[in-house]
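Working notes for the structure below.
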Ligand code: ATP
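In our numbering, the protein residues as written are 1169 to 1306.
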């Protein structure tokens, strides 16, 4: 059996995951990374995307994540995210409404405007949530 490491995913709003896992994949700002037990320590910021991991029974699971930081040590991955949800906790209607709002704001703003960048980030979050919700079961 693969050696396990502890995965902790926390946001300002809630504790999302605290579980022993075999492997974690996460979206670092410099690229996607994977962590197994025994990994060299490192710290990275995170972008919007998905965290994939295998639990202690080798079952694959998926989380939405947006922003924040991940710290890896040889036996632990700690993710302090701006927002994160398990795929089963994603409210698709809320994400669809957020997507519509963001698209409307994008149509109204100029691309050099800071609100344009905010609306673009909101759009990416909504699209990723909808995609992850479509692969429910993980
Ligand atoms: P919204 O405009 O719907 O709030 P958002 O992308 O601006 O979307 P975030 O700032 O990423 O929302 O998250 C705020 C909080 O709401 C976080 O705790 C996040 O987990 C939760 N959240 C946001 N959207 C959803 C969703 N579609 N389903 C479940 N939880 C959500």
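Ideal Cβ placement from N, Cα and C applies to all residues, glycine included.
Is the distance from the Cβ of residue 1206 to the Cβ of residue 1191 below 9 Å? no
Taking 8 Å as the line, does the beta carbon of residue 1260 fall inside it for any heavy atom of the ligand ATP? yes
Quick one: using the 10 Å Cβ neighbour count with 16 as the cut-off for buried, is residue 1216 buried or exposed? buried
Quick one: any contact between the stretch 1242–1255 and the stretch 1265–1274, if contact means 3 or more CB pairs under 8 Å? no
Could you please give me the residues that DSSP links to residue 1196 through a beta bridge? 1199, 1214
Count Cβ pairs between the stretch 1276–1294 and the stretch 1191–1200 that sit closer than 8 Å; are there 3 or more? no
Which listed residue (1237, 1287, 1289, 1300) has its alpha carbon closest to that of residue 1180: 1237
Who does residue 1244 pair with in a DSSP beta bridge? 1174, 1241
What does a CB cutoff of less than 6 Å around residue 1310 pick up in its chain, not counting 5 residues either side in sequence? Only positions 1169 to 1306 of the chain appear in this structure, which leaves residue 1310 out of reach.
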